[in-house]
Structures are given as C-alpha cells and as structure tokens.
Amino acid sequence: MALDLGKSAPQIAKMAESLKAGGGERRKRLDAALRQLRDPLSKVPFEALHKRIRASLPPRRKLTWPMAALPDNDPLDAVYRAPDLPADYTAVATDGSQIEPDRHGEARYFLLNTGGIALRYGRMPEADIFSQPRLFATPEELVIAHPEDAFKQQQIDETLLGESRMVLEAEALADRLSAMDPSLPALALLDGTLIRFIYTGSRYEDYVRERLLENGLLKAFHRLRDQSLSRLVAFAGYISKPGSHEVVNLLRAVHCPHAGVEEAGCDLLCGKGGPGKQECDAVAKGLTDADLFAELLDVGERSALFPTQAPVVQSYGPHAVCFFYMNVGDEIARLEMPAWVARHAKAVDFLHAAVLDQCKKGRGYPLALQEAHEAAVVTIGDRQNFQRLLDGMLLAEGIGRTSAKARSKRIRAV
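Heads up: take any position in the sequence shown, counting from 1, add 522, and you land on the working numbering.
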C-alpha cells in the first residue's frame with residue numbers, strides 16, 4: 523500500500539508553520555551565541571572556563587554536553603583567509619560501497635568495494651581511477667574472533683560492516699599515496715568523520731575495537747603519518763553539512779551562570795524545572811557549529827583549529843583529532859585531521875587551500891571525493907548483475923535454495 527500523501531500533507535504544513543514561528547527566537551539565540559564566541563571571557567574567567575571544559579570529560583561528566591577544547595593559540599572567533607595554493611600538487615581520495623549480507627540466501631557473504639582517484643595538477647596533469655571489490659564469504663571472514671578465547675566471536679553486523687569498509691578506505695588511501703610523486707605536496711581525503719563513536723561505551727568488546735580500530739584504522743593512519751615525514755601530506759576527513767555541536771556546547775560552558783558547576787555538575791544545578799529550563803539554552807538550543815560559522819566565515823575562510831574531546835579519541839595517540847570549519851561556497855564544511863597534521867602549519871595551510879580548490883572544481887564539493895564515490899558506488903544494476911552471477915555459480919554447484927520469505931517477495935499473488 524502506498525503512502526497516503528493526503529494525510530501527510532496537513533502534518534507537513536503544521537511542521538512548516540512551527541519552523542517559521544520559531545525563526546525569530548532562533549535568531550536571538552544565534553546572535554547571543556555569536557557574542558559569546560567573540561568575547562567568552564566576559565562571562566567567565568579563563569581558568570574557570572578551562573575547569574568547566576575539563577569537567578565535560580569522562581569518567582564523570584559533570585558538564586553534560588561533549589564539547590571541544592579551546593584552540594591552542596587562537597581566539598574562538600579566529601578567521602583565516604585561504605593561503606596560496608602550490609601550482610603543482612597531488613590529491614588522492616577513497617570511498618567505499620557495499621553489498622550487505624542476504625540472510626534469506628543460501629550463501630552467507632558480504633562484499634565491500636573500495637574506489638578512489640589519484641589526481642595530479644600542474645605541469646604534468648594526470649588522473650588514475652581505481653576500484654577493488656573484496657568478497658567476504660568464509661566463516662572466519664564473517665566474524666571477528668577473540669584472539670585468545672575460541673568461544674568468543676562477534677558477528678559482523680551492519681555497523682561493523684561500515685567500520686570494516688572505513689578501514690579498507692584508509693588502507694587504500696595509504697597505498698595509493700605511497701605510489702604518488704613524493705616531491706609534490708599531497709592532499710589525502712576520506713569521506714566522513716575520523717571520530718569512530720561506535721567504539722565508545724560497551725556495545726562491542728575490547729577485542730573488536732582492537733581489531734578494527736587499533737590494528738585497522740589507526741594502523742592505516744600510522745602509514746599516512748610515516749609518509750608525512752618525508753613529504754608534505756595534508757590528510758583529513760571531509761564532512762559535508764555537519765551537524766556537530768562541540769563548539770556550541772563550549773559556549774554552554776561559557777554561558778552557565780551557576781558557580782561551582784564544574785564540581786557539582788549540570789544535573790544537580792540546572793534543568794530541574796523541566797525541559798527548556800537550562801539557562802545555557804539561550805546560546806545553544808537548536809544550533810549547530812555550522813550555524814555559528816556560517817555567520818562568521820566568508821567564502822574561502824576557515825575557523826580556528828579545535829581539538830575534539832570525544833572519549834574514543836583519547837586512545838588515538840598521535841592521531842588525536844582536531845577540526846576546523848570552512849566556508850566552501852555553498853555550505854560550511856567540517857575538516858577533521860589528526861594532530862600530526864594540525865600541528866604542522868604548512869600542512870594546515872595546504873589543506874585549507876587545496877580543499878577550497880577541490881570544492882571550486884567540484885562545484886561545492888571536493889572533486890576528488892566526487893570521483894572516488896563514483897569509482898566505489900555499487901549501483902542497482904551492479905547488484906543485479908552480481909546476484910545473477912552468484913545465483914548462476916551456486917546453481918552450477920547444485921546450491922540454489924532461498925527462504926520462503928525471499929521467494930514471496932519475487933512472486934506476489936493475492
């Protein structure tokens with residue numbers, strides 16, 4: 523049965539009216555947030571602000587909201603114009619796609635396709651598009667086994683499938699970068715966040731995290747860092763339309779009127795009157811970091827560098843994540859980079875200039891990432907062709923049963 527749009531339309535109209543009605547109040551909150559961003563110490567002394575920021579960290583979050591740390595050497599509202607771009611540079615980007623397991627099929631498997639592009643600009647321009655599919659089908663490949671306990675294993679679910687894909691993307695990025703001209707500065711981009719939030723908490727046991735994070739993603743980051751020792755490497759994760767609140771939440775700490783909040787905690791001093799009673803909502807409710815920096819940054823400009831305090835990043839070592847926001851023309855993008863990039867002024871400048879150039883070439887989104895996506899994507903046609911190939915090969919081996927539910931979806935009758 524199709525969606526009844528006639529019944530949905532009045533609900534959509536009501537939602538639109540509500541959004542319009544709240545626009546004025548939202549503008550007031552945004553203006554107040556910008557005032558705090560430009561002059562945070564007018565509300566709270568520097569040392570007290572540092573204590574409040576530290577109080578947002580585990581193990582006992584006394585300030586409820588996760589927030590960025592203060593920039594090392596910049597005011598919160600620092601703005602940087604784009605530096606000059608080298609005439610000759612290289613750019614490499616990778617992305618991934620997948621065919622998920624079909625639990626109704628006879629064969630248990632999943633497929634990860636990693637694609638990317640290596641570009642060279644300047645006197646000797648060239649482009650190399652690549653992709654590599656990998657089928658996971660053996661019992662050992664479909665689980666993550668405990669290294670010491672034979673009775674412990676974690677099935678690779680949808681979330682871990684995405685994490686496995688991310689590892690392959692980072693490995694492919696390091697592989698391709700190592701094959702490029704080392705005399706040229708290199709931009710290396712992944713699509714999305716470097717902060718792997720799924721390893722926070724107790725959803726997965728430590729051996730799963732060790733396999734995919736420490737011995738997977740961070741190992742690939744080590745390879746990228748090693749290459750940066752002999753050449754200029756600007757490595758980052760690019761986030762389009764970011765919804766993060768880390769800087770906005772920092773302003774909550776600035777705005778809080780409660781003395782001693784860093785010892786007592788938000789939950790004991792604030793919000794006891796119910797939803798909407800937190801004073802810090804006056805500079806934060808309904809706002810994202812991108813909302814703030816859309817007001818602050820002109821096209822081509824970037825913000826200060828902020829270290830993230832996300833708990834999972836505390837174990838990243840030299841790859842602890844920093845970020846800045848950048849006006850790329852059509853939107854505010856977020857660039858996340860490991861500390862070894864953030865502490866290298868030339869790498870940050872090159873990242874800024876090269877990403878802006880890529881966004882101009884890609885009409886608002888980095889061209890290298892666009893091409894990497896096209897190289898990696900598994901289309902509907904690809905899926906159908908893969909399924910036909912799989913079915914044919916299984917039938918040739920006398921394997922061809924599917925579940926009754928799967929058959930019912932192919933042949934409908936009333």
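Backbone N, C-alpha and C define an ideal beta-carbon position, used for all residues, glycine too.
None of these values were measured; they are calculated from a predicted model.
Quick one: give me the first and last residue of the alpha helix (DSSP H) that Arg745 is part of. For the purposes of this step, residue 745 is identified with residue 223 of the sequence shown, where counting begins at 1. In the DSSP annotation of this structure, the continuous segment of the alpha helix (DSSP H) that includes Arg745 starts and ends at 740-750.
Distance check for Pro647 and Gly546, CA to CA, integer angstroms please. Here residue 546 refers to the residue found at position 24 of the sequence shown. Here residue 647 refers to the residue found at position 125 of the sequence shown. So the alpha carbons of these two residues sit roughly 50 Å apart.
Excluding the five sequence neighbours on either side, which residues of its own chain have a C-beta within less than 7 Å of the C-beta of Gly822, listed in chain order? In the sequence shown, residue 822 corresponds to position 300, counting from 1. Counting only Cβ-Cβ distances below 7 Å, and skipping sequence neighbours, we find Arg603, Ala604, Asn849, Leu878.
Starting from Cys844, trace the beta strand (DSSP E) in both directions and tell me its first and last residue. Counting from one through the sequence shown, the residue named residue 844 turns up at place 322. That run of the beta strand (DSSP E) goes 843-849.
Length of the line joining the Cα atoms of Leu699 and Ala898: For the purposes of this step, residue 699 is identified with residue 177 of the sequence shown, where counting begins at 1. For the purposes of this step, residue 898 is identified with residue 376 of the sequence shown, where counting begins at 1. In a straight line, the C-alpha of Leu699 is about 17 Å away from that of Ala898.
Taking just the CA atoms, how far does Gly914 sit from Pro757? Stepping through the sequence shown from its first residue, residue 757 is reached at position 235. Stepping through the sequence shown from its first residue, residue 914 is reached at position 392. Note that residue 757 is Phe in the sequence shown, not Pro. Looking at the two C-alpha atoms, the distance is approximately 43 Å.
Given a cut-off of 8 Å, decide if Ile717 and Glu622 are closer than it, judged by their beta-carbon atoms. Position 100 of the sequence shown, counting from 1, holds the residue named residue 622. Position 195 of the sequence shown, counting from 1, holds the residue named residue 717. Going by C-beta atoms, Glu622 is not nearer than 8 Å to Ile717.
Buried versus exposed call for Lys868 [16 or more other C-beta atoms within 10 Å across all chains shown]: For this step, residue 868 is matched to residue 346 along the sequence shown. That one is exposed.
Outcome for Ala609 when other beta-carbon atoms lying within 10 angstroms are tallied against a minimum of 16: To locate residue 609, count along the sequence shown from 1; it is residue 87. Flag for Ala609 reads exposed.
With a threshold of 8 Å, are at least 3 pairs of Cβ atoms found where one atom belongs to the stretch 839-853 and the other to the stretch 580-588? Per the Cβ contact rule, the stretch 839-853 is not in contact with the stretch 580-588 (fewer than 3 Cβ pairs under 8 Å).
So Ala590 packs on Leu772, CB below 8 Å; how close in whole Å? Against the sequence shown, residue 590 aligns to sequence position 68. Against the sequence shown, residue 772 aligns to sequence position 250. About 5 Å separates the two Cβ atoms, so the contact holds.
Glu785 burial status per 10 Å Cβ neighbour count (16 or more: buried): Mapped onto the sequence shown, residue 785 falls at position 263. It counts as exposed.
Can you say whether Thr715 is buried or exposed, counting buried as having 16 or more other CB atoms within 10 angstroms of its CB? For the purposes of this step, residue 715 is identified with residue 193 of the sequence shown, where counting begins at 1. Its Cβ being crowded by 16 or more others within 10 Å, Thr715 is buried.
So which of Gly787, Phe908, Glu919 has the shortest CA-CA distance to Arg656? Reading the sequence shown from its first residue, position 134 is the one you call residue 656. Of Gly787, Phe908, Glu919, the residue nearest in Cα terms is Phe908.
Neighbour-count burial assignment, Ala708, 16 or more Cβ in a 10 Å radius: For the purposes of this step, residue 708 is taken as residue 186 along the sequence shown, with counting starting at 1. It counts as buried.
Endpoints, beta strand (DSSP E) assigned at Glu648: Locating residue 648 in the sequence shown gives position 126, counting from the first residue. Residues 648-658.
Asn595 - DSSP class collapsed to helix/strand/coil: For this step, residue 595 is matched to residue 73 along the sequence shown. In the structure shown, Asn595 sits in coil (DSSP, three-state: anything other than H, G, I, E or B).
Between the C-alpha atoms of Tyr721 and Gly528, what's the straight-line distance to the nearest angstrom? Taking the first residue of the sequence shown as 1, we reach residue 721 at position 199. Taking the first residue of the sequence shown as 1, we reach residue 528 at position 6. Between Tyr721 and Gly528, the C-alpha separation is close to 43 Å.
With C-beta atoms as the reference, is Pro764 less than 8 Å away from Arg856? Locating residue 764 in the sequence shown gives position 242, counting from the first residue. Locating residue 856 in the sequence shown gives position 334, counting from the first residue. Contact flag set, yes.
Just to confirm, is the Cβ distance from Ile575 to Glu893 under 8 Å? The residue you call residue 575 lines up with position 53 of the sequence shown. The residue you call residue 893 lines up with position 371 of the sequence shown. By the CB criterion at 8 Å, Ile575 and Glu893 fall outside the cutoff.
Is the stretch 629-640 touching the stretch 612-621, taking contact as three or more C-beta pairs under 8 Å? yes
In the DSSP assignment, find the alpha helix (DSSP H) that holds Glu785 and state where it starts and stops. What you label residue 785 is simply residue 263 of the sequence shown in a count that begins at 1. Its alpha helix (DSSP H) spans residues 783-786.
Considering only residues of the same chain and omitting the five flanking positions on each side of Gly759, which have a CB-CB separation below 6 Å? For this step, residue 759 is matched to residue 237 along the sequence shown. Hits under 6 Å: Leu712, Gly714, Thr715, Leu716, Glu858.
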